[in-house]
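Asker: Questions regarding the structure given below will be posed in turn.
In the numbering used here, the protein residues as written are 417 to 611.
Rendered as structure tokens:
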């Protein structure tokens, strides 16, 4: 029952949020287009609930790669153990507006579209890439019994101090104890961190 109510609530909140923040989305989109060529919204394939693939929407924060640079980037990405071992990006690739919206996590605003479509939730585990998901153990795959979230069970913790194993443990614990109160607690603690 909780997950039905949660889905209905998130659908309504997402619909209203997109209306309210549409001016901000338009302004950011215009600034991205002015500064560099390429699409405003960046789409990447992620693994969602029960292993289903979906397109994750984010604002583009980097200049477009040429084909050779893109191949090098993908090769480095495949060498990562997980999505939590963040690839160090050449600062010259990040646009000025991209650096600004990353600082305030505004690049994730289009994730609200994913929540509206039912691909994501406001609170939930990380959505791995298909390659990263292949390396999950059977136990770790249980994490994605739920929709991945914009905010994660560990979002309020210092990211730079967390290891891959610690994040997996936190997300497994979340998958075993998920509840309305737990989601609210994670949301409030994460909100306090970002403000």
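In this text, a Cβ means the ideal position worked out from N, Cα and C, and glycines have one as well.
Computed from a prediction, not measured in an experiment: that's the story for all the values here.
Within the continuous alpha helix (DSSP H) that includes residue 430, where are the two ends?
Answerer: 418-436
Asker: Using the Cβ count rule (16 or more neighbours within 10 Å means buried), how would you classify residue 563?
Answerer: buried
Asker: Taking DSSP's pairing of strands, which residues face residue 462 in a bridge?
Answerer: 470
Asker: Please classify residue 472: is it buried, with 16 or more other beta-carbons within 10 angstroms of its beta-carbon, or exposed?
Answerer: buried
Asker: Is there contact between the region 506-526 and the region 462-478, where contact requires at least three CB pairs shorter than 8 Å?
Answerer: Touching, yes, given that three or more Cβ pairs across the two stretches are closer than 8 Å.
Asker: By Cβ distance, which residues of its chain are closer than 6 Å to residue 433, with the 5 residues on each side in sequence left out?
Answerer: 528
Asker: Going by the beta-carbon positions, is the gap between residue 566 and residue 536 smaller than 8 Å?
Answerer: yes
Asker: Hey, could you find the ends of the alpha helix (DSSP H) residue 583 is sitting in?
Answerer: 580-593 is the extent of the alpha helix (DSSP H) around residue 583.
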